[in-house]
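Down below is the structure, laid out as structure tokens.
Given below as structure tokens:
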């Protein structure tokens, strides 16, 4: 059977449901968001289609380009999308437009039509438009645009099959010319140029009309291309005349603006023709919600309350399954010990693998709840309201309201947050955001916080402590931003103009995809990276063996009669063994650096292991503190062991250190990519470690003074 | 008159945008274009940011940008 590959470039403005549409077509997992610039990466999906008349196999490859309002160089997304459309190879464009915001969406459609490529328009969210009472004559729209228009809805699956069929149909048909019609004075000049090309029998890859339009728009690439062509000498005066005429008629010399006006006239005209005017003013409930949520006085308290609720929920609701998981892994470790006896193997399995991985998996419920919250904020459209509320405040700290999106994403994971910072246009805004993102505690640090908050403040206060940690971290970040803006990155301010998408009820499927994806990532990390790290740490903490030391203690233990005394000696032995292990040696070596903060070698080692990933801190502690434990004793819980070994000032200093220092290896790699220079990564490392040490030192001594 | 002088609930027609080409283009691509009507939907504390509606879409603008948009308020029409 014949196989055909069709490469489709999916283009649309933000919030038109582009990714949902892909999900509906290809049933592939993709991140979908209700915020400008959530979909930044190119992602490709394959789907098969059987043509009705020939029934040939088609493979449609869809490249989901970032949502853009226009094809300019304003933001990173626009650059990516424009670059792709102009230089990459693809067969046709599918332009997704939001039926409820036809006019604005058609502005982009007009620009896309100018590219002169094959195109299909997906009139998406048609179900929502109908609910709002908007009736669109899509056949008429197709007439005006000169390309097929398919009414679709990702939610109800309407038009999905038809869209696939249209893609194949358009793919098979030859190229047609753009139907976008300009004002007469521009059309005249286009005609004149086209006539000239015809007369000269000029060989052009693109249709004459498009060539003429691009010349009139002063498209740099086409000028470069034609500059060395002999025809250029004759073309130049013609072009100069044409432009002069256009300037004269338009009354201005700004070509971008002249063509923007043309697109606007086109979009408005098209809308007027396809929507019956009485249906155009549909009220929706977004306004009512906005009256409350972005209220001058209530907006920010509501936002803070929602965030507080989220952290409370993360802790209290998460506690239930956590107890089960804890018990489950405890049971597993016991089983391993019974099954494998008392040897090395039992130790590596029970203490190393099960202990380490268990300590990380334990926090899965917390992470799921937090990501659920963030996904809800994102998909309902609340996120951009918060950007609106916070911009005034953020602006004072030298941040952009839009920085809020990467910053909140940072509460989930710093890695995607670094990538989300691409939505910021100005370089200084972006760099500042990148630098301070680490202050916004990622979910991988939750285990550490939960562990310490639970151990030192009790379960009933842990939610509040967690909230406090996040707030303090965020404030530190803002202060850092102010310092960076004042002394290091003094750049132009990025203008703040942003669409506020309609509120949407999040679809369960979407939320499920996002959250399960994150949860799987976390588990995968626990199963691979953290498993390996656990075994490594187990190894470093049990080797080299010290037979003399052991023999010496065994003798002592045997001589002692009292059970209590025996136990003490046993513990002493375990501690001594640990101290002399490789891990202990590393810890001892770096102990002086951490000593002013009250950290012993075990905490030092945990912090160093945490450079790889924050989850590793807890698993390291799990290994370090469980080895010293009387095996199988009642007090197997890590929290209890911590409380016995660490005092409050040290615990607080430790939390502060973890809050501030660099998140993980992966984040460093992404930071490097996004910031674009090793130098910046060096600064970041120095800044975070320095700040962590100083603030941790301050916290340690302050707490000591107070208690 | 510029946009920042309007109050919540005011409607006006966009007259002119006095911004650099880049920002102007940005506003255009949003459909914020001379000739269009807008309605002020709300302001944040201290009027640092404002929310406007243009052609059924809501936008957030900072004060600095709103000052660049010249508008002509709509007179309340009687009987129309």
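Residue numbers (this note's numbering), protein chains in the order written: chain A, 45 to 751; chain B, 276 to 355.
All C-beta atoms, glycine included, are put in the ideal place defined by N, C-alpha and C.
Quantities reported herein were computed from a predicted structural model and do not represent experimental measurements.
Report task. Anything in chain A within Cβ reach of residue 297(B), meaning under 7 Å, just list it in chain order. Result -> The residue labelled residue 297(B) in the question sits at position 22 within the second chain. Here the neighbours are 118.
**Report entry** Residue from 639(A), 489(A) and 448(A) with nearest C-alpha to residue 476(A)
**Finding:** Along the first chain, read from residue 1 onward, the residue named residue 476(A) stands at position 432. Of 639(A), 489(A) and 448(A), the residue nearest in Cα terms is 448(A).
**Report entry** Neighbour flag for residue 301(B) against chain A, beta carbons, 8 Å
**Finding:** If you number the second chain from 1, residue 301(B) lands on position 26. Yes, its Cβ sits closer than 8 Å to a Cβ of chain A.
Report task. Per DSSP, which residues does residue 116(A) bridge with? Please list them. Result -> Translated into the one-based positions of the first chain, residue 116(A) becomes position 72. Beta-bridge pairing links residue 116(A) to no other residue.
Query - residue 215(A) versus residue 308(A): straight-line alpha-carbon distance, rounded - result: Here the question's residue 215(A) lines up with position 171 in the first chain. Here the question's residue 308(A) lines up with position 264 in the first chain. Cα to Cα, residue 215(A) sits roughly 29 Å from residue 308(A).
Query raised in the report: In whole angstroms, what separates the C-alpha of residue 617(A) from that of residue 596(A)?
Result: Residue mapping note: residue 617(A) aligns to position 573 of the first chain, counting from 1. Residue mapping note: residue 596(A) aligns to position 552 of the first chain, counting from 1. Cα-Cα distance, rounded: 9 Å.
Requested in this report: With 9 Å as the C-beta to C-beta threshold (strictly closer), list the residues of the segment 308–324 of chain B near chain A in chain order.
Outcome: Within the segment 308–324 of chain B, the qualifying residues are 308, 309, 310, 311, 316, 317, 318, 319, 320, 321, 322, 323 and 324.
Requested in this report: Just tell me which of 183(A), 62(A) and 127(A) has its CA closest to the CA of residue 149(A).
Outcome: Within the first chain, numbered from 1, the residue matching residue 149(A) stands at position 105. That would be 62(A), whose Cα lies nearest to the Cα of residue 149(A).
Query raised in the report: Under the rule that 16 or more other beta-carbon atoms within 10 Å means buried, what is residue 334(A), buried or exposed?
Result: Stepping through the first chain from its first residue, residue 334(A) is reached at position 290. Burial call: buried.
Query raised in the report: Since residue 332(B) meets chain A, which of its residues come closer than 7 Å, beta carbon to beta carbon?
Result: For the purposes of this step, residue 332(B) is taken as residue 57 along the second chain, with counting starting at 1. 145, 148 and 543, listed in chain order.
Report task. Using a threshold of 8 Å, state whether the C-beta atoms of residue 163(A) and residue 156(A) are closer than that. Result -> Indexing the first chain from 1 puts residue 163(A) at position 119. Indexing the first chain from 1 puts residue 156(A) at position 112. Their beta carbons are under 8 Å apart, which means residue 163(A) touches residue 156(A) by this criterion.
Query raised in the report: Under three-state DSSP, which class holds residue 740(A)?
Result: Within the first chain, numbered from 1, the residue matching residue 740(A) stands at position 696. Three-state result, residue 740(A): helix.
Query raised in the report: Which two residues bound the contiguous beta strand (DSSP E) that contains residue 138(A)?
Result: Start at 1 with the first residue of the first chain, and residue 138(A) comes out as number 94. 136–142 is the span of the beta strand (DSSP E), which, as asked, contains residue 138(A).
Requested in this report: Using only alpha-carbon positions, find the residue among 319(B), 320(B) and 330(B) that is nearest to residue 308(B).
Outcome: To locate residue 308(B), count along the second chain from 1; it is residue 33. The shortest Cα separation from residue 308(B) among 319(B), 320(B) and 330(B) belongs to 330(B).
Requested in this report: May I ask you to list, following chain order, the residues of the segment 337–366 of chain A that have a beta carbon less than 9 Å from some beta carbon of chain B?
Outcome: 338, 339, 340, 341, 343 and 344
Report task. Can you tell me which of the three DSSP states residue 692(A) falls into? Result -> Here residue 692(A) is taken as the residue at index 648 of the first chain, counted from 1. Here residue 692(A) sits in helix by DSSP.
Requested in this report: Give the straight-line distance between the Cα atoms of residue 680(A) and residue 397(A), rounded to the nearest whole angstrom.
Outcome: For this step, residue 680(A) is matched to residue 636 along the first chain. For this step, residue 397(A) is matched to residue 353 along the first chain. Here residue 680(A) scores only 44 on pLDDT, less than 50, and its place in the model is too uncertain to base an answer on.
Query raised in the report: Since residue 591(A) is in the beta strand (DSSP E), which residue starts that stretch and which ends it?
Result: As a position in the first chain, residue 591(A) is number 547, starting the count at 1. Per DSSP, residue 591(A) lies in no beta strand (DSSP E) segment; the continuous alpha helix (DSSP H) that holds it begins and ends at 591–603.
Query raised in the report: Cβ of residue 732(A) within 8 Å of Cβ of residue 521(A)?
Result: Walking along the first chain from the start, residue 732(A) turns up at place 688. Walking along the first chain from the start, residue 521(A) turns up at place 477. Their beta carbons are not under 8 Å apart, which means residue 732(A) does not touch residue 521(A) by this criterion.
Query raised in the report: Under a three-way DSSP split, which group does residue 448(A) fall into?
Result: By one-based count along the first chain, residue 448(A) stands at place 404. Helix.
Query raised in the report: Would the segment 452–468 of chain A and the segment 382–402 of chain A be scored as touching if the rule is three or more Cβ pairs under 8 Å?
Result: no
Requested in this report: Quick one: residues in its chain with C-beta nearer than 7 Å to the C-beta of residue 586(A), no 5 flanking neighbours on either side, listed in chain order?
Outcome: Start at 1 with the first residue of the first chain, and residue 586(A) comes out as number 542. Correct list, in chain order: 391 and 625.
Query - At least 3 beta-carbon pairs within less than 8 Å: the segment 728–747 of chain A vs the segment 625–643 of chain A - result: yes
Requested in this report: Report yes if the C-beta distance between residue 683(A) and residue 495(A) is below 8 Å; otherwise report no.
Outcome: Residue 683(A) sits at position 639 when you count from the first residue of the first chain. Residue 495(A) sits at position 451 when you count from the first residue of the first chain. For residue 683(A) and residue 495(A), yes; Cβs fall inside 8 Å.
Query raised in the report: Quick one: is residue 738(A) near chain B, going by C-beta distance under 8 Å?
Result: Walking along the first chain from the start, residue 738(A) turns up at place 694. For residue 738(A), not one C-beta of chain B is nearer than 8 Å to its own C-beta.
Query raised in the report: To the nearest angstrom, how far is it from the Cα of residue 139(A) to the Cα of residue 166(A)?
Result: Walking along the first chain from the start, residue 139(A) turns up at place 95. Walking along the first chain from the start, residue 166(A) turns up at place 122. Those two C-alpha atoms are separated by around 6 Å.
**Report entry** residue 357(A) to residue 500(A) span [Cα, whole Å]
**Finding:** Counting from 1 along the first chain, the entry for residue 357(A) is found at position 313. Counting from 1 along the first chain, the entry for residue 500(A) is found at position 456. About 20 Å.
Query raised in the report: beta strand (DSSP E) containing residue 108(A): first to last residue?
Result: Along the first chain, one-based indexing puts residue 108(A) at 64. Residue 108(A) -> beta strand (DSSP E) spans 101–108.
**Report entry** Backbone CA spacing between residue 303(B) and residue 158(A) [nearest angstrom]
**Finding:** Along the second chain, read from residue 1 onward, the residue named residue 303(B) stands at position 28. Along the first chain, read from residue 1 onward, the residue named residue 158(A) stands at position 114. The straight-line gap from Cα to Cα measures roughly 17 Å.
Query raised in the report: Which one or two residues does DSSP pair with residue 63(A) in a beta bridge?
Result: Numbered from its first residue, the first chain carries residue 63(A) at position 19. Beta-bridge pairing by DSSP links residue 63(A) to no other residue.
Requested in this report: Please state if the CB of residue 355(A) and the CB of residue 511(A) are separated by a distance shorter than 8 Å.
Outcome: Taking the first residue of the first chain as 1, we reach residue 511(A) at position 467. Taking the first residue of the first chain as 1, we reach residue 355(A) at position 311. Contact: yes.
Query - Any chain A beta carbon closer than 8 Å to residue 284(B) - result: To locate residue 284(B), count along the second chain from 1; it is residue 9. For residue 284(B), the answer is no, since every Cβ of chain A falls outside 8 Å of its Cβ.
**Report entry** Cβ-based neighbour list, residue 430(A), same chain, cut-off 7 Å, excluding 5 preceding and 5 following
**Finding:** The sequence position of residue 430(A) within the first chain is 386, counting from 1. 347 and 448.
Report task. Just the chain B side, please: which residues come within less than 9 Å of residue 293(A) by C-beta, in chain order? Result -> The count along the first chain starts at 1 and reaches residue 293(A) at position 249. Those within 9 Å of residue 293(A) in chain B number zero; the least Cβ separation is about 17 Å.
Report task. Check the Cβ of residue 336(B) against every Cβ in chain A and list those closer than 7 Å, keeping chain order. Result -> In the second chain, residue 336(B) corresponds to position 61, counting from 1. What residue 336(B) touches in chain A, judged by beta-carbon distance under 7 Å, is 540 and 541, going in chain order.
Query raised in the report: Which residues mark the beginning and the end of the beta strand (DSSP E) in which residue 339(A) is found?
Result: The residue given as residue 339(A) occupies position 295 in the first chain. Here residue 339(A) belongs to no beta strand (DSSP E), and DSSP marks it neither H nor E.
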